[in-house]
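Please read the structure below before turning to the comments.
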Amino acid sequence: MNHLNYKDINIIKYFLNNDRVYIKDLIKEFQCSEMTIRNQFKKINNFLSEHSIPPISKIDNYYVFSETNYEQVLKKISTIDNFSSEERFQYLILDLIFNDFTTLLKVSKIFDVTRQTLFNDIIKIKKFLKPFGLEIESTSYKGIYLKGDLSKKIDFSIKFLLKRLLERDFNPNTEKLYNNKVNPKIIELLREVVSEELESTFYNFTRNICSSIPETIGIYQFNSIVAFLIFLKSKNNTNIINFIPFDHYPSEVTDEYNRYWEIIKNSKYFKELQFLGKDLKIIAFIILKSHPISFKHKIFHDNKLEILVKELESNFRCNFLSQDKRILSEFFGTAQYKFKFGLTRYNIRKENLPNRLTSVFEILKFNFEKHLGNIYEEDLVMGTFLIKNILKQKIYSEIPDIFIVDYSVSNWVGDSIKDELLKNYKVKNVDVSSIYTEIDWDKIKKTYKKVFFIDINSNLINRNLNLEYHRINPICHHNNPYYFEKFGVKRK
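Going by this note's numbering, the first residue of the sequence shown is number 1042, and it counts up by one from there.
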């Protein structure tokens, strides 16, 4: 029996998301040699053969996945519990944040790896924790725990949770909001600390706070608050107000801090989260430290930020959406402020970047210094992750347009499918029309590359349309998140 590892599975997914695959693309994507790729092809094909799935095959100088029933392949590989060292790394740190103690025996059973493998993971984690003034210690009969000052533990925990939220690979709403696959083991761990109901309350509470503040509050401040609430809940509602280093911000913004605190204290959601008590002040501090409004007019050079964003568009050969531009400008403006007033938040270094993102980092660094001066390396790293996510979405926008023919007069089914296609698939534009309305098929043939008929009786379909069309089953579409891939529409 052949077993697939993490890289094997990602190679299969890469094929599912690309019509033609060249060796050079795989070498670049997975940072490995041509020999390694070819060996993995053999291993993958053996695995596919065992499960009666057609193999990866070569056509001219590129490779294709022969299997067109993507649903079968995805179902098969989704049952394989293979986790990368990075995913184990995340899980272990989150386990240490959420729980007072954890045991290697428990973790080894979860990931089906040896204790020696986990010891190697622990060595990496110890190195990662050192700059934060924290250590991993063990105690008899209990396991390992995070050792260090309470203030340092809290600061590190919020920063780590925030990093995961910003990179969209930990956010419990990620699959709904960004269509990213979330590690089920990490979400399972999160659910031990915070239920879906409480999580929803956190988000509503935070959204209410942000909407009550006249100035723009961005995704960084929003997720900072959510990260703090998740951490606070994991510590059984412990009052940790004394950790706040109030001297870390200029005295001129005291009024701003007090104003935020009053807004939060008077929030209609406060009654739902009474366990916070005095810790509400920390939320005010997080907003202030992340995005102090008092100095905004002095340091935010809107024209220079606009020039910077345009230059990045030119470097990456794409046009950012207006929302992307706003988020980037807000992030860079906040980074400017932090550097000017000596505030630091994430403590993330360039070595935390995957190799494939170092070029994005260098482009961002060069352009920022050219137009705005210096910022902390941690903000360059976070900016790199932000740009990566924006570029990822831009790549997905290049897809043929789709026309949906609905069997109902009101188009309500077609409209719901349109929303899902735009949200979850690499689709640029979707239009919907009822089968009972007059449709100009000559125009449709010239305008659209794909036509979907929603569960319509075959007798109603003109078989002389001379265009590519598919019948969609709305029930299957709801039950299968990858349903449209079998029609050649790829997920984001």
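For each residue, glycine too, the CB sits at the ideal point set by N, CA and C.
- Counting only the Cα atoms, Phe1263 lies some 6 Å from Thr1247.
- When DSSP assignments are scanned along the stretch 1375 to 1410, no uninterrupted stretch of beta strand (DSSP E) that is 3 or more residues long falls wholly within it.
- In the DSSP assignment, Gly1184 forms a beta bridge with Thr1180.
- Distance check between Ser1181 and each of Ser1090, Phe1173, Thr1144 and Asp1162 places Thr1144 closest, using alpha-carbon atoms only.
- Between Tyr1132 and Leu1202 the beta-carbon gap is near 13 Å, outside 8 Å, which marks them as no contact.
- Residue pairing for Phe1494: DSSP places it in a beta bridge opposite Val1446 and Arg1512.
- Look at the stretch 1072 to 1102 and you find these whole runs of alpha helix (DSSP H), each 4 residues long or longer: 1075 to 1091.
- DSSP links Thr1143 through a beta bridge to Ile1185.
- The C-beta distance from Glu1419 to Ile1389 rounds to 5 Å, short enough to meet the 8 Å contact threshold.
- A buried status is given to Thr1375, since no fewer than 16 other beta-carbon atoms sit within 10 Å of its beta-carbon.
- Taking Lys1459 as the centre and dropping the five residues before and after it, the same chain places the C-beta of Ile1445, Val1471 and Val1473 closer than 7 Å to its C-beta, in chain order.
- Counting of Cβ neighbours within 10 angstroms places Ser1198 among the buried residues, the total reaching 16 or more.
- Judged by beta-carbon spacing, Leu1346 lies within the 8 Å limit of Phe1373, meaning their Cβ atoms are closer than that value.
- Fully contained in the stretch 1454 to 1483 is no alpha helix (DSSP H) run of length 4 or more.
- Looking at the DSSP output, Val1062 sits in a beta bridge with Tyr1104.
- Val1530 is not a Cβ neighbour of Ile1495, given a cutoff of 8 Å.
- Between Asn1356 and Ile1404, the C-beta gap is smaller than 8 Å, which places the two residues in contact.
- Secondary-structure assignment with DSSP links Arg1532 through a beta bridge to Tyr1466.
- For the 8 Å CB-CB criterion, Ile1443 and Lys1487 do not form a contact.
- The beta-carbon distance between Phe1407 and Val1422, rounded to whole angstroms, is 15 Å. This is too long to meet the 8 Å contact definition.
- In the three-state DSSP reduction, Asp1196 falls in the helix class (H, G or I).
- Judged by DSSP in its simplified three-state form, Gly1424 adopts helix.
- By the neighbour-count definition (other C-beta atoms within 10 Å, threshold 16), Ser1275 is a buried residue.
- Of the residues assessed, Asp1196 falls on the buried side of the cut-off, its CB having 16 or more other CB atoms within 10 angstroms.
- Apart from sequence neighbours up to five positions away, the residues of its chain that approach Gly1184 with a beta-carbon distance below 7 Å are Phe1142, Thr1143 and Thr1144, ordered along the chain.
- Secondary structure of Asn1356 (DSSP, three-state): helix.
- Spanning the alpha carbons of Asn1161 and Ser1241 requires a straight line of approximately 37 Å.
- Excluding five sequence positions before and after Asn1465, the CB atoms of its chain that fall closer than 8 Å to its own CB belong to Asn1220, Pro1522, Arg1532 and Lys1533, given in chain order.
- Between the alpha carbons of Leu1191 and Leu1089 lies a gap of roughly 51 Å.
- Your pair Tyr1104 and Ile1097 checks out as a contact, with CB atoms roughly 6 Å apart and the cut at 8 Å.
- Nearest C-alpha to Glu1178 among Gly1189, Asp1365 and Ser1125: Gly1189.
- Taking the CA atoms as reference points, Ile1304 sits about 14 Å from Ile1266.
- Spatial neighbours of Phe1493 in its own chain (CB-CB distance under 6 Å, excluding positions within 5 residues in sequence) are listed in chain order as Ile1445, His1511 and Ile1513.
- Counting along the chain, the unbroken alpha helix (DSSP H) around Asp1162 starts and ends at Arg1156 to Leu1170.
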